[in-house]
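The working numbering numbers the first residue of the sequence shown as 3 and each following residue consecutively. Where a beta carbon is used, it is the ideal one built from N, C-alpha and C, also for glycine.
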Amino acid sequence: MADVLKNSDELGNVLVQVQDDLRQLKRTLGRITFHEKGETVDIQALDTAIRRTESGIRRRAEEYQKTVNRQVLTLPSIEDLEKKNVQIPKWRPPLEIIPDMHPQRGQSVGASPGEKHKAALAMRLLYNPIHPKNRTLMHQSYGIQLPDLRKRS
Numbered sequence: 003m004a005d006v007l008k009n010s011d012e013l014g015n016v017l018v019q020v021q022d023d024l025r026q027l028k029r030t031l032g033r034i035t036f037h038e039k040g041e042t043v044d045i046q047a048l049d050t051a052i053r054r055t056e057s058g059i060r061r062r063a064e065e066y067q068k069t070v071n072r073q074v075l076t077l078p079s080i081e082d083l084e085k086k087n088v089q090i091p092k093w094r095p096p097l098e099i100i101p102d103m104h105p106q107r108g109q110s111v112g113a114s115p116g117e118k119h120k121a122a123l124a125m126r127l128l129y130n131p132i133h134p135k136n137r138t139l140m141h142q143s144y145g146i147q148l149p150d151l152r153k154r155s
């Protein structure tokens, strides 16, 4: 990306230098008249050519500037061969910190399928305040005694 910006800066500097040179040429041309072997150089034609060149360069410089300003800089390709050879080591914690624990017989690692189903059912009941088992579940699990709204109505 830096190379692209560096090259674009160099090209921009060249365009500015050409515009400055054309301006200087136009100023000096107004002061000098040439006479060679009886021929006079048409200053008006040279001045017109310089103006045309100057406007063309200015227009191209503006187009170039618009292109550079709208340009999206991209990262190098992932499939670049030089980058493929570099191996990034994966982070691993030091082995001294990790305790060596193996599950013992009869000790389950996670909840059994029946326990998972029971927990999911309890959550569905908690989310549904109208369900008749909601009050009893809230009282058993959290010790919250909710009022019985059906008896009041």
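CB contact flag (residue i, residue j, <9 angstroms)
i: residue 21; j: residue 56; result: yes
i: residue 70; j: residue 14; result: yes
i: residue 136; j: residue 128; result: yes
i: residue 72; j: residue 17; result: no
i: residue 28; j: residue 44; result: no
i: residue 140; j: residue 132; result: no
Among the options, the one whose alpha carbon lies nearest that of residue i
i: residue 54; options: 133, 136 and 24; result: 24
i: residue 47; options: 115, 58 and 31; result: 31
For residue i, three-class secondary structure by DSSP
i: residue 23; result: helix
i: residue 46; result: helix
i: residue 57; result: helix
i: residue 92; result: coil
i: residue 143; result: helix
i: residue 112; result: coil
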